[in-house]
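Asks:
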Amino acid sequence: MDTTLRGVGVSHGVAIGEVRHMGTAVLEPPAKQIPAEDAEREQGRARQAVEAVAADLTARGNLAGGEAQAVLEAQAMMAQDPELQADVERRIAVGSSAERAVYDAFASYRELLANAGEYLAGRVADLDDVRNRIVARLLGVPMPGVPDSDEPYVLVARDLAPADTALLDPTLVLGFVTEEGGPTSHSAILARALGVPAVVALPGAGELAEGTLIAVDGSSGEIFLDPSDEKKAELEAAAAGRRAALTASTGPGATADGHKVPLLANIGGPADVAAAVEAGAEGVGLFRTEFLFLDDSENAPSEEKQVTAYRQVLEAFPEGRVVVRVLDAGADKPLDFLTPADEPNPALGVRGLRTLLDHPAVLRTQLTALAKAAEGLPVHLEVMAPMVADRADAKAFADACREAGLRAKFGAMVEIPSAALRARSVLQEVEFLSLGTNDLAQYTFAADRQVGAVSRLQDPWQPALLDLVALSAEAAKAEGKSCGVCGEAAADPLLACVLTGLGVTSLSMGAASLPYVRAALAKFTLAQCERAAAAARAADSAEDARNAAQAVLSGE
Ligand code: PEP
Ligand code: MG
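Residue numbering for the sequence shown follows this note's numbering, beginning at 864 and increasing consecutively.
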């Protein structure tokens, strides 16, 4: 019998491969005293671990070549630094375990480096990485960070932060499984962007043994351990069937009776454009620009670097619509140089537009870069601010856009319930709304989007969330303006029909979801979508809302 575990499926498809864990930050080894007779053995263990880590770093450097090789060789030398090694041996001689001695010796060396001027201070992260590797090896736990593997694997992690995922090699990741996170977490968003199957909120994911063969069904949320050949064949056939059904759907998004609902793509940068174009996206509904800011934790990218990246995206959609979101830093997307380190509750602190209004130069550079990137192109550029709370926020953003000489439509994301409740007031300052249903759910239900235990409340089928969507769409209609959805809710084919019935005017999602949503919309008329939306809003729970909408659309 195949063993089955169940989490929340957030990205369609089936992945079959071996488990590789994303190593977490190394824990501090306990400072216990070892008996004197163990010292020699511990010193041997420490030397062996250092040698193995140095050899591994050198080997990976040889494979990588170029600049990466220089960095990895420098790290291998750090690991073998004679003074550090002498310090480790001395600490063991007076009673430390090998792992604790390495941890402490590196800590004192780290302090020296951190205070030794800008260049050496910049090497602290490299030193920490070396320490983590040696300690992890001694503790027998997975290496921290992205797995070192030349073979494709299923990535298993507690949760994935944008900074971790920036380092992933997409050609090696067959799928994701995370213990935390809900349908709107970054793991889910990234999996959809990469088009790989994913299951989140899987209790006990951390205990899956490294190297175990698993099958991940990103549609049902099921994980099969050591699947039999029959099971593998059955899963693969089902996934192939679903893919085949989709190839029939092409062209712009519309309901069966021709009500147009432009289908746009969510992207993180120029690298995602090809998949969006291939999936038939009619433009970009959410360009998450913070991915450009992840390379350097100390500074914003230069204006030139930004112009180049923006222009690459704008050129890909010559006559289309491209909605760029200005930097959304803070909370689940922290940036060292902008995000306050000491907030008691970062999700409720200075993030999104609030951060930009506190750092007007960063906003100005971004808007100026966008203005330059769009010069001479026929693209319909739209620029929007994340985390707009009220009319004053919307005005501050629109003023900044005008001051930067930006010729674009200015919009506000509706991610805070106050903006949905007072959408008409916000619309006095901006030309469009875009519903960020991930954060809107987080703030409506007081449910952190990164915490798997509250993923039930992150379910975008929650009728309270549908009410806020309806309020925003009605306000936009009354003002003669548009109101799209760019949160993950838009990627659920059935919910996309309901959102259309609520009056939403465009849907934006990861490229991999576009064919599913296009095919679902094409099956129903606008009136059917409206009836499904009314039935969902009349329900008292997310589950009942989904069932009610399904019943209307399947004619039950
Ligand atoms: C959202 O909150 O729904 C959204 C689209 O923004 P992000 O997921 O990047 O916070
Ligand atoms: Mg958001």
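Glycine residues also receive a C-beta, built at the ideal position from the N, C-alpha and C atoms.
Owing to the predicted nature of the structure, the values given are computational and were not obtained by experimental measurement.
Would you check if there are 3 or more beta carbon pairs closer than 8 Å linking the segment 1157-1166 to the segment 1225-1232?
Replies: Verdict: yes, contact present.
Asks: Name the DSSP bridge partner or partners of residue 1052?
Replies: Walking along the sequence shown from the start, residue 1052 turns up at place 189. DSSP output for residue 1052 lists no bridge partner at all.
Asks: To which residues does DSSP link residue 1147 through a beta bridge?
Replies: Here residue 1147 refers to the residue found at position 284 of the sequence shown. Partner(s): 1128 and 1185.
Asks: Using 8 Å as the cut-off, can you tell me whether the segment 1033-1049 makes contact with the segment 1061-1072, which would need three or more C-beta pairs spanning the two stretches below that distance?
Replies: The segment 1033-1049 vs the segment 1061-1072: in contact.
Asks: Check for me: the beta strand (DSSP E) holding residue 1062 runs from which residue to which?
Replies: For the purposes of this step, residue 1062 is taken as the residue at position 199 of the sequence shown. Run containing residue 1062: 1061-1063, per the beta strand (DSSP E) assignment.
Asks: Under 9 Å between C-beta atoms, does residue 1316 make it to chain C?
Replies: Annotation note: the requested chain C is absent from the structure, which comprises a single protein chain.
Asks: I'd like the span of the alpha helix (DSSP H) that includes residue 1258, first residue to last.
Replies: Here residue 1258 corresponds to residue number 395 of the sequence shown, with the count starting at 1. First-last of the alpha helix (DSSP H) with residue 1258: 1254-1266.
Asks: Around the C-beta of residue 1434, are 16 or more other C-beta atoms found within 10 angstroms, so that it is buried, or is it exposed?
Replies: Nothing can be reported for residue 1434, as the shown portion of the chain is limited to 864 through 1419.
Asks: Around the C-beta of residue 1305, are 16 or more other C-beta atoms found within 10 angstroms, so that it is buried, or is it exposed?
Replies: For the purposes of this step, residue 1305 is identified with residue 442 of the sequence shown, where counting begins at 1. With 16 or more other Cβ atoms within 10 Å, it is buried.
Asks: Less than 8 Å between C-beta atoms, sequence neighbours within five positions excluded: which residues of the same chain meet that for residue 897?
Replies: Indexing the sequence shown from 1 puts residue 897 at position 34. Closer than 8 Å at Cβ, skipping near neighbours: 905, 955, 958, 959 and 960.
Asks: Am I right that residue 1138 and residue 1081 are in contact with their C-beta atoms under 8 Å? What's the rounded C-beta distance?
Replies: As a first step, residue 1138 must be located in the sequence shown, where it is residue number 275. As a first step, residue 1081 must be located in the sequence shown, where it is residue number 218. About 16 Å separates the two Cβ atoms, so there is no contact after all.
Asks: Can residue 903 be considered in contact with ligand 2, in the sense that its beta carbon sits closer than 8 Å to one or more heavy atoms?
Replies: Sequence index remark: in the sequence shown, residue 903 carries index 40 (1-based). Residue 903: no, Cβ never under 8 Å from ligand 2.
Asks: Would you report the Cα separation of residue 1047 and residue 1191, rounded to the nearest angstrom?
Replies: Sequence index remark: in the sequence shown, residue 1047 carries index 184 (1-based). Sequence index remark: in the sequence shown, residue 1191 carries index 328 (1-based). Each residue's Cα considered, the two are about 15 Å apart.
Asks: Among 1415, 1053 and 1093, whose alpha-carbon lies nearest the alpha-carbon of residue 1376?
Replies: Sequence index remark: in the sequence shown, residue 1376 carries index 513 (1-based). Answer by Cα proximity: 1053.
Asks: Could you spell out the range, first to last residue, of the alpha helix (DSSP H) harbouring residue 1472?
Replies: Within the shown structure, residues of the chain are numbered from 864 to 1419, placing residue 1472 beyond reach of any answer.
Asks: What residue range is occupied by the uninterrupted beta strand (DSSP E) comprising residue 1346?
Replies: In the sequence shown, the residue the question calls residue 1346 occupies position 483. It spans 1345-1348 - the beta strand (DSSP E) in which residue 1346 sits, taken as one unbroken run.
Asks: Just mark residue 1311 as buried or exposed, buried being the case when its beta carbon has 16 or more other beta carbons within 10 Å.
Replies: Along the sequence shown, read from residue 1 onward, the residue named residue 1311 stands at position 448. Its Cβ being crowded by 16 or more others within 10 Å, residue 1311 is buried.
Asks: How should residue 1291 be labelled, buried or exposed, when 16 other C-beta atoms within 10 angstroms of its C-beta is the threshold for buried?
Replies: Within the sequence shown, the letter at position 428 stands for residue 1291. By the neighbour-count rule (16 or more Cβ atoms within 10 Å), residue 1291 is not buried but exposed.
Asks: According to DSSP, residue 867 sits in a beta bridge with which residue or residues?
Replies: If you number the sequence shown from 1, residue 867 lands on position 4. Note: residue 867 sits in a beta bridge opposite 1087.
Asks: Alpha carbon to alpha carbon, how far is residue 1004 from residue 886?
Replies: Taking the sequence shown and counting its residues from 1, one reaches residue 1004 at position 141. Taking the sequence shown and counting its residues from 1, one reaches residue 886 at position 23. If you take the alpha carbons of residue 1004 and residue 886, they lie about 8 Å apart.
Asks: Could you tell me the boundaries of the beta strand (DSSP E) in which residue 1248 lies?
Replies: Indexing the sequence shown from 1 puts residue 1248 at position 385. 1243-1248 is the extent of the beta strand (DSSP E) around residue 1248.
Asks: Does the Cβ-Cβ distance between residue 1002 and residue 1186 come in under 9 Å?
Replies: Taking the sequence shown and counting its residues from 1, one reaches residue 1002 at position 139. Taking the sequence shown and counting its residues from 1, one reaches residue 1186 at position 323. Not a contact, by the Cβ cut-off of 9 Å.
Asks: Any idea if residue 1278 is buried or exposed, counting beta-carbon neighbours within 10 angstroms, 16 or more meaning buried?
Replies: Your numbering for residue 1278 matches position 415 in the sequence shown. Residue 1278 is buried by the Cβ-count criterion.
Asks: When the Cα of residue 935 is compared with those of 949, 1143 and 993, which residue comes out closest?
Replies: In the sequence shown, counting from the first residue as 1, residue 935 sits at position 72. For the residues 949, 1143 and 993, the minimum Cα distance to residue 935 belongs to 993.
Asks: Per DSSP, what are the beta-bridge partners of residue 880 in this structure?
Replies: Residue numbering aside, residue 880 sits at position 17 when the sequence shown is read from its first letter. 1077.
Asks: Kindly give me the distance between the Cβ atoms of residue 1148 and residue 1127, rounded to whole angstroms, as I take these residues to be in contact under 8 Å.
Replies: Position 285 of the sequence shown, counting from 1, holds the residue named residue 1148. Position 264 of the sequence shown, counting from 1, holds the residue named residue 1127. The Cβ separation is near 3 Å, so the contact holds.
Asks: Does the Cβ of residue 974 have 16 or more other Cβ atoms within 10 Å, making it buried, or fewer, making it exposed?
Replies: The residue you call residue 974 lines up with position 111 of the sequence shown. By the 10 Å Cβ count, residue 974 comes out exposed.
Asks: Going straight from the alpha carbon of residue 1270 to that of residue 1296, what length do you get?
Replies: In the sequence shown, counting from the first residue as 1, residue 1270 sits at position 407. In the sequence shown, counting from the first residue as 1, residue 1296 sits at position 433. Rounded to the nearest angstrom, the two C-alpha atoms are 18 Å apart.
Asks: Cβ of residue 1191 within 8 Å of any heavy atom in ligand 2?
Replies: Within the sequence shown, numbered from 1, the residue matching residue 1191 stands at position 328. The answer is yes for residue 1191.
Asks: I'd like to confirm something about residue 900: is its beta-carbon nearer than 8 Å to some heavy atom of ligand 1, or not?
Replies: In the sequence shown, the residue the question calls residue 900 occupies position 37. Outside the cutoff, so no.
Asks: Quick one: what's residue 1041 bridged to in DSSP?
Replies: Position 178 of the sequence shown, counting from 1, holds the residue named residue 1041. DSSP lists 1020 as partners of residue 1041.
Asks: So, do the segment 1362-1376 and the segment 1117-1133 have three or more beta carbon pairs nearer to each other than 8 Å?
Replies: With the cut-off at 8 Å, the segment 1362-1376 and the segment 1117-1133 touch.
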